[in-house]
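> Right, I'll just put the structure down here and ask away after.
Number of protein chains: 2
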Amino acid sequence: MSAAAAAAAQGVTAARGFEAAGVVAGLKSTGKRDLAVVVNRGPDKVGAAVFTSNRAKANPIIWSRQAVADGVVEAVVLNSGGANCFTGSFGFQTTHQTAEAAAEALGVSAGDILVCSTGLIGTGDETFRAKVLSGTADAIAQLSADGGAAASEAIMTTDTRPKRAVVSHAGWTVGGMAKGAGMLAPGLATMLVVITTDAKLTAAEADTALRRATHLTFDRLDSDGCMSTNDQVTLLASGASGVAPDLDAFAMALTEVCADLAQQLQADAEGASHNISIQVVHAASEEDAVTVGRSVARNNLFKAAIFGNDPNWGRVLAAIGTTDAAFDPYDVDVWFNGVRVCTAGGPDRPREEVDLTPRATGILIDLKVGDAEATILTNDLTHDYVHENSAYSS
Amino acid sequence: MSAAAAAAAQGVTAARGFEAAGVVAGLKSTGKRDLAVVVNRGPDKVGAAVFTSNRAKANPIIWSRQAVADGVVEAVVLNSGGANCFTGSFGFQTTHQTAEAAAEALGVSAGDILVCSTGLIGTGDETFRAKVLSGTADAIAQLSADGGAAASEAIMTTDTRPKRAVVSHAGWTVGGMAKGAGMLAPGLATMLVVITTDAKLTAAEADTALRRATHLTFDRLDSDGCMSTNDQVTLLASGASGVAPDLDAFAMALTEVCADLAQQLQADAEGASHNISIQVVHAASEEDAVTVGRSVARNNLFKAAIFGNDPNWGRVLAAIGTTDAAFDPYDVDVWFNGVRVCTAGGPDRPREEVDLTPRATGILIDLKVGDAEATILTNDLTHDYVHENSAYSS
């Protein structure tokens, strides 16, 4: 393993000042790891987080939003195997007790513990609570400075592989882990992600950098248009490097880690056979570019056409015609994998010239009205997507 | 055949004053009927129409919007086998020439001829034009007072069966035909529909009644969230009954015909295995009820769950949580086929009690905030939907 690969394998424990663990709490019927803890050993205990904008928020989201408000976070407890969403006051008490249990074991305040859950909505009964509480104790007992890999496995649900990324800079490091393979659509965050850094940051700096990075990465991943109830992206900063970074350089490194994790989520999306990158250029505004790209990303007919290796530009134009972005539908160019199949709203190169067999698929939409651009990542609509989401409850 | 069934079989020729024909113009590779003409023989020549709100509008839409503006319509020419959308000025000239050819053969003004096209976007070359023009001449030569059935066949694309409906009232009749099996989502109209009546109506009365009826029917059918570029619903009134109807009674009969056709479109939606009716009750406003219902109808995870006979109420709550409608996510009840599986945002009856094997599926969402309600019709997301829309270009 190269040094870079070894660093990436650490994920949340690549940066100094962090310990993690991933254990078997018995929540997954498969008997695989299903509970993770990530602890910030300091010296700083800076935390920031962004949450799903879905109004249907899971209990851990309701708890964590309050807990992170003061910018101080000691640890994050994450479980797979149950979303603890729409489980009533019993479910909220479970989250609260989880934070209390972790706080007591770590000798800190429960108000500085974040909790994340993922799995089937409506799951959160007494058995769930008992397993989460004992798993939390087990994980804290097993915390180690190289526990990042085990932690990244413990948060997987339908993911086929763990997702970790690390970027090292002169003097400081940013590393992270993510889970998510479906219900991926923007709403600030779109999955469970924990990112750690040993850079010295104030809470405000961490918050600003995190919002900037997620806005450009996770917010632009729209695999299936379905927004989760449990999404949370958390950034923990230990200051253990002793280095206060240039904030632009830090934001760039953080964005790089987020983009890497977002691409890993896209590549592992449920049942997908194409990773589709929709680049919208010459838009009047970045917002317009995002709106246009997202409208294509959410069009089932377009997504099914890509699955069928069909460069159906008519479906692209039909999708963007539903938006209120500034452009003339009869002056738009569309490219599929480098071939301009539509010029000024009319046919250009024959469809036979387009090869859509590679998994990586590039759509370029030229609106010809301004200088702004944005790229939205999505996936195709496949038989396997339908199969996984009709057979697996989440 | 009963009298009612015989009347329904007539569709657009059930009302007095109308003739229609459906012929083989050679646009469909299958050699089936692909061009229809519906002519109003009067004495009145009242017409009204609603169109797709997609900004990407096909050439026939651009033409017909102008042609119907004065409330006078002599005939409608409709073809399947090519959408004539994004085919440039050549395509617009094709539509114009079609109207001219029909007008000349009928001895009327081209400005009183509406044109509708459906099929693959980008199709509209010289061969297409030649076939449409010769088919228009053929159809006009074959016009008859019982041509409604043939006309309804000629507008089919991926439809597995023609769609017709008739409602007779004391003294007057409303009949219609529709095509559409995919790309069904609201935007005023969502398919090609022609409705005829022998009631005596002014253009303003016809327009008002049509907008009211489509608002409550076709606008609430959202099979796959994809809005077409070619949708048009046209109402022709001949006044041949000599009866000026009570306008409320007429609007009700027209709504009944539209609702019947909308249900036929839902039942024939591409690849669907469930007809899902999403009823939202106790909403603060009708708009809120529509917003909530539509958000569930467009959620791929919910649609895939129904395909899998899974009463996944968590996906319903996750979908409605993305809207800004007035309700408390923790005070919502959800019923699947008569079984309340979620009460006040928490689990209620066990999922085992719900039988989702029938094709007809009823979801009831009680928002508990007001007195408004609305019902959205949709379909499930199936392997066959993916297959048909990845293998068939439209």
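Chains as they are written, first to last, in the numbering used here: chain A, 6 to 399; chain B, 6 to 399. Yeah, the Cβ is synthetic: ideal placement off N, Cα and C, and Gly gets one too.
Please go through the same chain and pick out, in chain order, the residues whose beta-carbon is closer than 6 Å to the beta-carbon of N317 (chain A), but skip the five residues on each side of it.
Around N317 (chain A): A310.
> Within its chain, find whatever has a CB closer than 6 Å to the CB of G185 (chain A); leave out the 5 residues flanking it on each side and keep chain order.
Closer than 6 Å at Cβ, skipping near neighbours: M196, L270.
> Counting beta carbon pairs with one atom in the stretch 320 to 339 of chain B and one in the stretch 358 to 365 of chain B, are three or more of them shorter than 8 Å?
In short, these stretches do not touch, since the Cβ pair count stays below three.
> If I measure Cβ to Cβ from D143 (chain B) and keep anything under 6 Å in the same chain, skipping five residues before and after, which residues do I get?
Around D143 (chain B): V28.
> List the residues of chain B whose Cβ lies closer than 9 Å to the Cβ of P363 (chain A), in chain order.
Residues of chain B passing the Cβ test: none, with the nearest at roughly 16 Å.
> Which residues bound the alpha helix (DSSP H) around V179 (chain B)?
That residue, V179 (chain B), is in no alpha helix (DSSP H); its beta strand (DSSP E) goes 177 to 184.
> Check the C-beta distance from I200 (chain A) over to V179 (chain A) and give it rounded, since I have them as a contact under 8 Å.
Indeed, because the Cβ distance is near 6 Å, the residues count as touching under 8 Å.
> Just the Cα atoms here: how many angstroms apart are H388 (chain B) and G276 (chain B)?
Cα to Cα, the separation comes out at about 7 Å.
> Under a Cβ-count criterion, where at least 16 other Cβ atoms within 10 Å of its own Cβ denotes burial, should L38 (chain A) be classed as buried or exposed?
The question names Leu, but residue 38 (chain A) is Arg in the sequence shown. Buried: at least 16 other Cβ atoms inside 10 Å.
> What residue ranges within the stretch 273 to 322 of chain A form continuous beta strand (DSSP E) runs of no fewer than 3 residues, ordered along the chain?
With a minimum length of 3 residues, the continuous beta strand (DSSP E) runs that stay inside the stretch 273 to 322 of chain A are 280 to 288.
> Starting from V391 (chain B), find everything on chain A with Cβ-Cβ shorter than 8 Å and list it in chain order.
Result: A309, F312, L386, T387, H388, Y390, V391.
> Measure from the alpha carbon of F97 (chain B) to the alpha carbon of each residue in B:A289, B:V286, B:V120, then state which is nearest.
Closest option to F97 (chain B), Cα to Cα, is B:V120.
> Quick one: residues in its chain with C-beta nearer than 6 Å to the C-beta of D151 (chain B), no 5 flanking neighbours on either side, listed in chain order?
Excluding residues within five positions, the ones whose Cβ falls inside 6 Å are T18.
> Our contact map puts G22 (chain A) next to D203 (chain A) with C-beta atoms below 8 Å; I'd like the distance itself, whole angstroms only.
Right, the Cβ-Cβ distance comes to about 5 Å (below 8 Å), so this counts as a contact.
> Give the straight-line distance between the Cα atoms of A155 (chain A) and T222 (chain B), rounded to the nearest whole angstrom.
Straight-line Cα distance between these residues: approximately 54 Å.
> Cutting at 7 Å between CB atoms, please list the residues of its own chain near V344 (chain A), excluding the five before and the five after it.
Hits under 7 Å: R354, E358, V359.
> Thinking V321 (chain A) and F307 (chain A) are a contact (beta carbons under 8 Å), I'd like their distance in whole angstroms, please.
The Cβ separation is near 6 Å, so the contact holds.
> Anything in chain B within Cβ reach of G93 (chain A), meaning under 9 Å, just list it in chain order.
Here the neighbours are Y335, A349, G350, G351, P352.
> Check whether the stretch 290 to 301 of chain A and the stretch 377 to 387 of chain B are in contact - that is, three or more C-beta pairs closer than 8 Å.
No: the two stretches stay apart, fewer than three of their Cβ pairs being nearer than 8 Å.
> Pull up the DSSP beta-bridge partners for F402 (chain B), would you.
Outside the shown range of chain B (6 to 399) lies residue 402 (chain B), about which nothing can therefore be said.
> Taking a cut of 7 Å between CB atoms, which residues from the stretch 58 to 75 of chain B lie near chain A?
Against chain A - using a Cβ distance shorter than 7 Å - the residues of the stretch 58 to 75 of chain B are N59, R60, A61.
> Quickly, what does DSSP pair N84 (chain B) with across the bridge? List them, please.
N84 (chain B) pairs with B:L40, B:S122.
> Could you tell me which of A:A74, A:A63, A:A80 sits nearest to E24 (chain A), measuring between CA atoms?
Of the listed residues, the one whose Cα sits closest to E24 (chain A) is A:A80.
> May I ask you to report which of helix, strand or coil DSSP gives A150 (chain A)?
Looking at A150 (chain A) - three-state DSSP - the assignment turns out to be coil, as it is neither helix nor strand.
> Could you say which of A:T163, A:L259, A:G298 lies nearest to H412 (chain A) if we only look at CA atoms?
The question about residue 412 (chain A) has no answer, for chain A in this structure spans 6 to 399.
> So for V113 (chain A), helix, strand or coil by DSSP?
Reduced to three states, the DSSP call for V113 (chain A) is coil.
> Would you verify that the beta carbon of G87 (chain B) is, or is not, closer than 9 Å to some beta carbon of chain E?
Of the chains in the structure shown, none is chain E; the protein chains are A and B.
> Take A20 (chain B) and list the residues in its own chain whose beta-carbon comes closer than 6 Å to its own, dropping the five residues that flank it on each side.
Within the same chain, A20 (chain B) has close Cβ partners T178, G180, T201, T202, D203.
> Is S69 (chain A) closer than 9 Å to L40 (chain A) when the C-beta atoms are compared?
Not a contact, by the Cβ cut-off of 9 Å.
> Checking contacts by CB at 9 Å: is D315 (chain B) closer than that to chain A?
By this cut-off, D315 (chain B) is an interface position.
> Rounded to a whole number of angstroms, what is the C-alpha to C-alpha distance between E105 (chain A) and L206 (chain A)?
Cα-Cα distance, rounded: 27 Å.
> Would you please verify whether the beta carbon of G16 (chain A) is less than 9 Å from any beta carbon of chain B?
False, the Cβ-Cβ gap to chain B never drops below 9 Å.
> Buried or exposed for S246 (chain A), please, with buried defined as at least 16 other CB atoms from any protein chain shown within 10 angstroms of its CB.
Buried, because 16 or more other Cβ atoms sit within 10 Å of the Cβ of S246 (chain A).
> Run through chain A and tell me which residues come within less than 8 Å of L125 (chain B), C-beta to C-beta.
Going along chain A in sequence order, the residues near L125 (chain B) (Cβ under 8 Å) are G319.
> Going by C-alpha to C-alpha distance, which of A:S278, A:G112, A:T234 sits closest to N45 (chain A)?
Measuring from the Cα of N45 (chain A), the nearest candidate turns out to be A:G112.
> Taking R299 (chain B) as the reference, give the member of B:G313, B:T328, B:N280, B:A170 with the closest Cα.
Ranking the options by Cα distance to R299 (chain B), first place goes to B:T328.
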